[in-house]
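First to last, the sequence lines map onto chains A and B.
Letter by letter, the first sequence follows residues 1 to 199 in full-length UniProt numbering.
Letter by letter, the second sequence follows residues 1 to 199 in full-length UniProt numbering.
Just so you know, even glycine gets a beta-carbon here, dropped at the ideal spot from N, CA and C.
Only a predicted model underlies this, so the values are computations on that prediction, with no experimental measurement involved.
Number of protein chains: 2
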Amino acid sequence: MTNEISFFQNPDGTREEILEATFYALRQHGYADLTISKIGDEFGKSQSLIYHHYDNKDELLVDLLDYMLEQVENQVPLPNQSPEEYIEIIVDEIFGTSSNSDVEFSQAVIELRAQAAHDDDYNRLFRRSDDFIRKQIARVIRAGVDAGAFDVEDPSQTAALFHTVLVGIQAERITSDEETIDDVRAEFRRYVENCLLSE
Amino acid sequence: MTNEISFFQNPDGTREEILEATFYALRQHGYADLTISKIGDEFGKSQSLIYHHYDNKDELLVDLLDYMLEQVENQVPLPNQSPEEYIEIIVDEIFGTSSNSDVEFSQAVIELRAQAAHDDDYNRLFRRSDDFIRKQIARVIRAGVDAGAFDVEDPSQTAALFHTVLVGIQAERITSDEETIDDVRAEFRRYVENCLLSE
DNA sequence: TATGATTGATTATACATTCAATAAACTTAA
DNA sequence: TTAAGTTTATTGAATGTATAATCAATCATA
Chain A
1 MTNEISFFQN PDGTREEILE ATFYALRQHG YADLTISKIG DEFGKSQSLI YHHYDNKDEL
61 LVDLLDYMLE QVENQVPLPN QSPEEYIEII VDEIFGTSSN SDVEFSQAVI ELRAQAAHDD
121 DYNRLFRRSD DFIRKQIARV IRAGVDAGAF DVEDPSQTAA LFHTVLVGIQ AERITSDEET
181 IDDVRAEFRR YVENCLLSE
Chain B
1 MTNEISFFQN PDGTREEILE ATFYALRQHG YADLTISKIG DEFGKSQSLI YHHYDNKDEL
61 LVDLLDYMLE QVENQVPLPN QSPEEYIEII VDEIFGTSSN SDVEFSQAVI ELRAQAAHDD
121 DYNRLFRRSD DFIRKQIARV IRAGVDAGAF DVEDPSQTAA LFHTVLVGIQ AERITSDEET
181 IDDVRAEFRR YVENCLLSE
């Protein structure tokens with residue numbers, strides 16, 4: 001039933017095993033109903049062992065978020081290809097595959113993002129990650145503008161909208177069916193063609 | 001400090017007083033740390049009284065969400081004006097004022113939306129509300145197309161992107177500064193002018 | 001033998017929910 | 001208009017359970 005999440009396939013030591021267990025427990029029960037005991041069940045070893053690696057629950061969850069956002073940042077492709085190809089890739093990543101594991105990962109991220117409203121550590125980590133992604137996209141768009149491939153007003157603004165759509169899709173995936181997501185994708189492609197690419 | 005949320009200004013009976021208290025407690029402590037006791041504190045009367053009006057905590061929270069989404073739906077403007085003016089209004093509502101109460105309301109909605117991943121009642125309510133909003137926007141765009149004011153491929157697709165941006169902004173407001181939101185707004189305006197309005 | 005891994009039992013607390021008891025408001029009949 | 005009666009509002013205390021965190025004890029390993 002549960003798909004494997006790629007970056008957990010080879011947990012490197014006990015710490016990653018605990019993070020993996022925490023992730024699955026979070027997916028299954030949600031942030032509000034997440035307990036050390038449930039993490040322990042997923043972990044396969046006793047819950048006391050978790051306290052041997054983490055001082056408390058909060059520290060563990062902040063570490064999980066840090067770890068997940070690291071994966072997100074690593075998933076942003078490197079600018080190896082032409083700006084046009086790069087944008088193509090970014091758009092595909094925003095709308096993702098509809099695979100279980102992708103959707104589950106997105107949902108976990110959004111659930112943690114909601115906590116940022118009440119937790120400074122979460123807030124800081126999301127700011128860092130969001131900034132990183134926006135700047136990465138802006139850089140590529142700027143390169144495309146310089147190469148004459150793109151025609152925009154301000155690459156930072158364009159990147160900001162890309163990021164908003166990325167986050168919006170993550171949040172909408174929780175409740176929307178695939179058709180709706182497809183509609184958004186089609187319209188966003190139209191935006192890219194008409195508002196980003198030069199004639 | 002805490003701004004008043006407009007729709008709570010005249011609580012109509014005990015039920016609405018409890019909903020108001022629940023909303024403020026949710027804002028202050030977040031969904032995960034929300035307890036009946038904290039709601040009771042905000043309520044001003046004893047927590048036992050809450051059980052006189054609601055069978056349990058879940059029922060109360062579902063009622064709060066229902067109530068909040070009703071407000072959201074009522075906030076969608078009626079199509080009294082021209083399609084161009086209407087779209088102007090919708091865009092302003094998506095990006096909202098940066099008033100405390102608006103931001104707080106958005107954050108509470110997003111926090112509840114995250115719960116929809118693990119709660120069927122929440123899921124159902126968000127589906128209903130999202131569909132309603134998308135259809136409302138699509139209707140106006142269709143009218144604009146018929147009147148020759150707009151030029152799009154498919155009004156449903158355009159409406160879907162509007163809604164994704166709406167949700168994305170709600171989620172981003174948790175962590176982003178106002179400058180970033182302004183960037184998104186500027187780029188989205190550019191999209192509306194270049195991809196929606198006819199020449 | 002020393003160091004870290006691992007466990008089960010334990011503790012203190014916070015929490016959702018119940019309940020019996022009191023107060024307030026409302027109804028009705030003389 | 002009042003008195004009695006009835007429902008509704010309100011409370012504080014009580015209960016049982018779930019939970020985070022601790023710890024002393026065992027096990028593995030180098």
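| query | result |
| --- | --- |
| Would a C-beta distance cut-off of 8 Å place G144 (chain A) and P83 (chain A) closer than the cut-off? | yes |
| List, from N- to C-terminal side, the alpha helix (DSSP H) runs of 4 residues or more that fit wholly inside the stretch 96-169 of chain A. | 100-115, 120-146 |
| Is there a Cβ from chain B that is less than 8 Å from the Cβ of G40 (chain A)? | no |
| Determine the DSSP secondary structure at L78 (chain A), reduced to helix, strand or coil. | coil |
| If I follow the unbroken alpha helix (DSSP H) through L197 (chain A), where does it start and stop? | Where L197 (chain A) is concerned, there is no enclosing alpha helix (DSSP H), given that its DSSP letter is neither H nor E. |
| Using 10 angstroms around the beta-carbon of I5 (chain B), count the other beta-carbons present and answer buried if the total reaches 16, otherwise exposed. | Low per-residue confidence applies at I5 (chain B): pLDDT is 40, beneath 50, and the placement is therefore not dependable, though the value from the model is reported in the following sentence. Its Cβ being crowded by 16 or more others within 10 Å, I5 (chain B) is buried. |
| Taking 8 Å as the threshold (beta carbon to beta carbon), is T158 (chain B) in contact with chain A? | yes |
| Can you pull the chain B neighbours of I110 (chain A), defined as C-beta to C-beta under 9 Å? | I110, R113, A114, A117, A171 |
| With a threshold of 7 Å (Cβ to nearest heavy atom), would V72 (chain A) be considered close to the ligand PLP? | As far as ligands go, the structure on display features none, and thus does not contain the ligand PLP. |
| Using a beta-carbon distance below 8 Å, is Y86 (chain B) in contact with chain A? | no |
| Determine the contact status of T164 (chain B) and I137 (chain A), defining contact as a CB-CB distance below 8 Å. | no |
| Tell me which same chain residues have a C-beta within less than 8 Å of the C-beta of T180 (chain B), skipping the five on either side of it? | E172 |
| Ignore the nearest five residues each way along the sequence and tell me which others in L49 (chain A)'s own chain have a CB closer than 7 Å to its CB. | none |
| With a Cβ-Cβ cutoff of 8 Å, do D166 (chain A) and I94 (chain A) count as a contact? | Note that residue 166 (chain A) is Leu in the sequence shown here, rather than Asp. The answer is yes: Cβ separation under 8 Å. |
| Taking 8 Å as the threshold (C-beta atoms), are L69 (chain B) and S129 (chain B) in contact? | yes |
| Please classify A147 (chain B) as buried or exposed, where buried requires at least 16 neighbouring CB atoms within 10 angstroms. | exposed |
| So, do the stretch 101-109 of chain B and the stretch 19-31 of chain B have three or more beta carbon pairs nearer to each other than 8 Å? | yes |
| Let me check understanding here. Comparing Cα to Cα, which of B:A160, B:E88, B:I18 lies closest to G40 (chain B)? | B:I18 |
| Between the C-alpha atoms of Y31 (chain B) and A32 (chain A), what's the straight-line distance to the nearest angstrom? | 7 Å |
| Report all residues from its chain with a CB closer than 8 Å to the CB of I141 (chain B); omit the five preceding and five following residues, and keep chain order. | P83, I87, F150, V152, P155, T158, A159, L196 |
| Return no unless some Cβ of chain A is closer than 8 Å to the Cβ of E199 (chain B). | no |
| Could you check if E187 (chain A) is buried or exposed, using at least 16 other CB atoms within 10 Å of its CB as the buried criterion? | buried |
| Any C-beta of chain B sitting closer than 8 Å to the C-beta of Y24 (chain A)? | no |
| Does the beta carbon of D58 (chain B) sit closer than 8 Å to a beta carbon anywhere in chain A? | no |
| Using the beta-carbon count (16 or more within 10 Å), is Q81 (chain A) buried or exposed? | exposed |
| Can you tell which of B:E178, B:I89, B:K135, B:R189 has its C-alpha closest to the C-alpha of S99 (chain B)? | B:E178 |
| How many angstroms separate the CA atom of I90 (chain B) from the CA atom of G13 (chain A)? | 51 Å |
| On a CA-only basis, which of B:R185, B:V192, B:S46, B:Y191 is nearest T97 (chain B)? Give me that one, please. | B:R185 |
| Could you say which of B:E16, B:F132, B:E59 lies nearest to F43 (chain B) if we only look at CA atoms? | B:E16 |
| Quick check: the Cα distance between I133 (chain A) and D92 (chain A), rounded to an integer number of angstroms? | 15 Å |
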